[in-house]
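Undergrad: One structure, as structure tokens, below. Some questions next.
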Amino acid sequence: MILENLPDMVALVREAVSQVPRGSVSTYGDIAAAFGDRAAARAVGEMLPGILGAPVHRIVYSDGSVGGHAGHGGDGNARAGLLRSEGLEVRGGRVVSFADARFRDFRVPPVLEGMRREQELIRAEVTESDSFGALQRVVGLDVSYEGDRAFAAAAVHEWDSGEPISERTAETRIGFPYIPGYLAYREVPALAPLISKEAGTLYLVDGHGTLHPRGAGAASHIGVLFGVPAAGAAKSLLAGKVLDPEAERSQVVLEGRGSGIMLRQGRNRTFVSVGSGISLDTAAEVCSGLLDRGIPSPLRRAHELANRVRREAVAEGKA
DNA sequence: GCGACAG
DNA sequence: ATCTTGTCGC
Ligand SMILES: [Mg+2]
3 MILENLPDMV
13 ALVREAVSQV
23 PRGSVSTYGD
33 IAAAFGDRAA
43 ARAVGEMLPG
53 ILGAPVHRIV
63 YSDGSVGGHA
73 GHGGDGNARA
83 GLLRSEGLEV
93 RGGRVVSFAD
103 ARFRDFRVPP
113 VLEGMRREQE
123 LIRAEVTESD
133 SFGALQRVVG
143 LDVSYEGDRA
153 FAAAAVHEWD
163 SGEPISERTA
173 ETRIGFPYIP
183 GYLAYREVPA
193 LAPLISKEAG
203 TLYLVDGHGT
213 LHPRGAGAAS
223 HIGVLFGVPA
233 AGAAKSLLAG
243 KVLDPEAERS
253 QVVLEGRGSG
263 IMLRQGRNRT
273 FVSVGSGISL
283 DTAAEVCSGL
293 LDRGIPSPLR
303 RAHELANRVR
313 REAVAEGKA
């Protein structure tokens with residue numbers, strides 16, 4: 003399906019960096035833009051330190067400054083020296099005539115553009131009315147990480163009582179970075195082994211559903227791709243505006259549409275939105291009914307479980 | 001122009 | 001998300 007055969011972003015970033023010629027420079031944001039979305043700038047920056055055999059010293063900040071932090075194969079002075087040896091003038095920690103030296107001709111696949119198209123297709127298949135009979139259980143889903151190992155957890159709660167019923171975990175290798183707006187490509191493959199179609203079951207995902215720039219966050223991917231009722235419950239906002247920030251419960255508006263509900267207990271907030279196969283009202287009622295210190299209890303439990311199995315796995319590896 | 005940016 | 005110890009507060 004859509005979330006398989008994801009692009010190897012490390013390899014693609016390495017390829018992009020390799021295309022910057024001697025005497026030229028580029029920026030995190032320009033490389034991200036070459037892949038189709040500047041929102042990936044930070045992700046590019048995080049991958050750079052691990053990239054070998056490519057001229058990462060030619061990647062500078064968007065203002066032309068050379069910087070001095072790790073990840074560029076040395077400190078700022080070393081990088082300035084390398085750039086000078088390639089014919090560039092560096093003064094006061096900045097590349098002189100940065101605009102002229104800025105490389106603009108990347109030939110890499112715009113993979114993020116394709117993913118946005120996929121998200122638009124997902125959005126078109128989202129349904130926003132309750133697609134189940136009597137709600138019996140709510141399954142919280144969350145993921146914890148250690149390097150490229152992902153630890154996914156599902157915590158099943160009985161809706162009537164709110165009590166925990168069971169739990170499951172699954173470990174997978176992660177192959178895609180976190181990029182704002184593309185969380186589904188990182189987390190949904192890890193959660194997939196824990197999802198099955200069962201009557202009366204709602205999946206509660208740690209993240210957004212339709213409260214998303216393309217109206218299709220991770221919760222919508224789960225709802226649509228697996229054909230299960232799903233809702234998103236995130237701890238912070240990715241897009242949209244809270245109408246009444248001080249209220250215990252408020253509508254969240256995105257592009258003129260009431261796409262989300264903010265629930266709060268004290269300073270802990272949860273932003274609820276439709277994944278698919280459920281109405282926003284029902285999703286908010288379920289989250290509200292299971293709210294424990296500002297977080298729906300199935301999600302709190304899934305979060306704790308994912309962290310626990312990660313720590314156990316790491317401890318096991320050291321033993 | 002600056003800030004914001006799920007996990 | 002992860003890196004981390006003690007510490008402040010309800
Ligand atoms: Mg999470």
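Per this note's numbering, the first sequence starts with residue 3, numbered consecutively.
C-beta atoms are modelled at their ideal positions from N, C-alpha and C, and glycine is treated no differently.
Predicted model, so just to flag it, every value in this text is computed and none were measured.
Using beta-carbon positions only, say whether residue 129 and residue 278 come within less than 8 Å of one another.
TA: For residue 129 and residue 278, yes; Cβs fall inside 8 Å.
Undergrad: Are the Cβ atoms of residue 22 and residue 81 separated by less than 8 Å?
TA: No, the pair does not count as a contact, with Cβ atoms beyond the cut-off.
Undergrad: Only counting the same chain, and skipping five residues up and downstream in sequence, which positions put a Cβ closer than 6 Å to that of residue 189?
TA: Excluding residues within five positions, the ones whose Cβ falls inside 6 Å are 145, 220.
Undergrad: Could you spell out the range, first to last residue, of the beta strand (DSSP E) harbouring residue 260?
TA: Looking at the DSSP string, the run of the beta strand (DSSP E) that includes residue 260 is 259–267.
Undergrad: Counting pairs of beta carbons, one from the stretch 103–113 and one from the stretch 209–216, are three or more of them closer than 8 Å?
TA: With a cut-off of 8 Å, the stretch 209–216 and the stretch 103–113 do not count as touching, because too few Cβ pairs lie within range.
Undergrad: Run the Cβ filter for me: residues under 6 Å from any heavy atom of ligand 1, listed in the order they occur in the chain.
TA: That gives 144, 145, 208.
Undergrad: Assuming residue 168 is part of the beta strand (DSSP E), what are its boundary residues?
TA: Residue 168 -> beta strand (DSSP E) spans 166–175.
Undergrad: Here's the rule: buried if 16 or more other CB atoms are within 10 angstroms of the residue's CB, otherwise exposed. What is residue 150?
TA: The residue is exposed, with fewer than 16 neighbouring Cβ atoms inside 10 Å.
Undergrad: Which one of 173, 53, 282 has the shortest CA to CA distance from residue 156?
TA: Nearest option by C-alpha distance: 173.
Undergrad: Under 8 Å by Cβ, that's how I've got residue 233 and residue 285 pegged, so tell me the actual separation to the nearest angstrom.
TA: 4 Å between Cβ atoms; contact.
Undergrad: Can you list, in chain order, the residues of its chain with a C-beta nearer than 7 Å to that of residue 191? Leave out the 5 residues immediately preceding and following it.
TA: 5, 174.
Undergrad: Is it right to say residue 93 is buried, meaning 16 or more other beta carbons lie within 10 angstroms of its own, or is it exposed?
TA: Residue 93 is exposed by the Cβ-count criterion.
Undergrad: What is the DSSP secondary structure of residue 143, counted as helix, strand or coil?
TA: Strand, per DSSP.
Undergrad: Three-state secondary structure (DSSP) at residue 108?
TA: Note: residue 108 maps to coil in three-state DSSP.
Undergrad: Secondary structure at residue 284, three-state DSSP: helix, strand or coil?
TA: Helix.
Undergrad: Give me whichever residues DSSP pairs with residue 243 in a beta bridge.
TA: DSSP output for residue 243 lists 255 as bridge partner(s).
Undergrad: On the DSSP bridge list, what partners appear for residue 294?
TA: Looking at the DSSP assignment, residue 294 forms a beta bridge with 297.
Undergrad: Return helix, strand or coil for residue 33, following the three-state DSSP convention.
TA: Of the three classes helix, strand and coil, the one that applies to residue 33 here is helix, per DSSP.
Undergrad: Quick one, are the C-beta atoms of residue 19 and residue 51 less than 8 Å apart?
TA: No; because the gap between Cβ atoms is not below 8 Å, this pair is not in contact.
Undergrad: Counting along the chain, where does the alpha helix (DSSP H) carrying residue 187 start and finish?
TA: Counting along the chain, the alpha helix (DSSP H) containing residue 187 begins and ends at 185–193.
Undergrad: Consult DSSP for residue 210 and reduce its assignment to one of helix, strand or coil.
TA: It is coil, neither helix nor strand.
Undergrad: Only counting the same chain, and skipping five residues up and downstream in sequence, which positions put a Cβ closer than 6 Å to that of residue 171?
TA: Only 155, 311 meet the Cβ criterion.
Undergrad: Mark residue 308 as exposed unless 16 or more other C-beta atoms lie within 10 angstroms of its C-beta, in which case mark it buried.
TA: The residue is buried, with at least 16 neighbouring Cβ atoms inside 10 Å.
Undergrad: Does residue 14 come out as helix, strand or coil in the three-state DSSP assignment?
TA: Three-state result, residue 14: helix.
Undergrad: Within the continuous beta strand (DSSP E) that includes residue 221, where are the two ends?
TA: No beta strand (DSSP E) holds residue 221; the alpha helix (DSSP H) holding it covers 220–228.
Undergrad: Using the rule of at least 16 other Cβ atoms within 10 Å of the residue's Cβ for burial, across every protein chain shown, is residue 2 buried or exposed?
TA: The question about residue 2 has no answer here: the residues shown for the chain are numbered 3 through 321.
Undergrad: From which residue to which residue does the alpha helix (DSSP H) around residue 122 run?
TA: Here the alpha helix (DSSP H) through residue 122 covers 113–127.
Undergrad: Do you know how far the Cα of residue 198 is from the Cα of residue 127?
TA: Distance between the alpha carbons of residue 127 and residue 198 is about 19 Å.
Undergrad: How big is the Cα-Cα spacing for residue 43 and residue 30?
TA: About 5 Å.
Undergrad: Can you check DSSP and say which residues form a bridge with residue 62?
TA: According to DSSP, which records beta bridges pairwise, residue 62 is partnered with 29.
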